[in-house]
Each structure stands twice: as structure tokens, then as C-alpha cells.
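Here the structure comes first, spelled out in C-alpha cells, and everything after it is commentary.
Numbering (my numbering), first residue to last: 24 to 195.
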């Protein structure tokens with residue numbers, strides 16, 4: 024049984040929507056468990072961005088933006104230096120991710136990898152642009168190198184998650 028999404032025109036099956044929310048909850052808990060509990064830092068993927076991108080494909084624009092803002096504020100609560108930068112970046116990524124569902128209908132593996140990689144890279148670029156000049160790391164290092172590698176890491180983890188949970192990923 025499927026239902027029309029009240030914020031969009033895409034028909035989303037209820038079991039898929041439920042699996043997406045379960046995955047998002049798991050990713051949020053795992054993110055803070057790895058980053059705060061174990062202090063893995065950059066060794067762990069950005070699971071908050073992955074959760075937001077996954078959710079943004081299944082919900083409407085307003086919900087994706089609100090969840091992005093909430094996740095960004097959660098992450099900002101742990102940052103004593105650039106409060107608000109994560110909230111801005113995650114809100115924009117959530118809204119942008121929600122827009123993709125109207126323009127890119129397929130869920131091929133190539134699309135999923137590209138979507139997660141670009142989403143994470145854009146999030147890092149927006150975060151870099153949102154922090155103050157006095158604490159901003161060099162663009163080449165933070166956005167071009169770490170952003171690209173972080174995007175690849177998130178894309179790989181996202182592809183594995185989507186494949187395991189059966190959330191998309193037809194043949195490319």
C-alpha cells in the first residue's frame with residue numbers, strides 16, 4: 024500500500040518510509056556514539072549528513088529542512104567555536120536533497136553514490152563558508168581534500184546501508 028506524500032507528488036510505500044525512519048534513527052545514534060562516545064573523530068563517517076540525505080529523498084521540502092536544522096543544531100551543540108554553521112549547512116543540504124526527488128526519479132547505484140558524495144561535499148563547503156575567518160581552515164585542505172574524501176566515505180557507507188535495507192539501488 025502506498026500513499027501520496029502530502030508535501031510532494033511522489034508515491035512512497037509505507038514499509039519503505041518506515042525503514043527510512045528506522046535507518047535515520049540508527050544513523051543519528053551511531054553518529055553520536057562514534058563521534059562523542061568513542062571520540063573517533065574523522066575516522067568515522069558523517070552519519071548525520073547521510074541520515075539527512077536519506078530522509079530528504081523520502082520526505083517533502085519543509086520536513087527535510089526542519090530535520091536538517093534540528094540535526095545541525097544537535098551537532099552545533101557540541102561545537103564551542105562556530106555555533107550555527109552546522110545548522111545552516113544541514114538545513115540547506117536537507118532542502119537541496121528534497122529538491123532532487125522531483126528532478127531525479129531513479130534510484131540507481133550510480134545516482135545514490137553521486138547523491139551521497141555530492142551532498143556531503145556540499146555540506147562541507149557550506150560549513151566552511153559559514154564559519155568565521157579567524158577559525159576557517161584552508162579551503163584546499165578542508166573542502167577540496169577532506170570534503171572529497173569524506174564524501175566518498177559517506178557514499179560508500181550509504182550505498183552499503185541502502186543495499187542492506189532495500190531502500191533503492193536498482194542496477195546502474
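Every residue gets a Cβ at the ideal spot worked out from N, C-alpha and C, and that includes glycine.
- C-alpha of residue 125 to C-alpha of residue 169: approximately 30 Å in a straight line.
- Within 10 angstroms of the beta-carbon of residue 113 lie 16 or more other beta-carbons, which makes it buried.
- In the same chain as residue 154, and ignoring 5 residues on each side of it, the C-beta atoms closer than 7 Å to its own belong to 105, 108, in chain order.
- Nearest neighbour of residue 81 by Cα position, chosen from 115, 56, 123, turns out to be 123.
- Spanning the alpha carbons of residue 188 and residue 156 requires a straight line of approximately 41 Å.
- Annotated as proximal: residue 57 and residue 67, with beta-carbon spacing under 8 Å.
- Looking at the backbone, the Cα of residue 151 and that of residue 159 are separated by about 6 Å.
- In terms of Cβ geometry, residue 50 and residue 73 form a close pair [threshold 8 Å].
- From the listed residues 119, 162, 171, 71, the smallest Cα separation to residue 140 is found for 171.
- In this structure the region 175-182 touches the region 126-136; the number of beta carbon pairs closer than 8 Å is three or more.
- Nearest in C-alpha terms to residue 60, of all of 190, 101, 129, 90, is 101.
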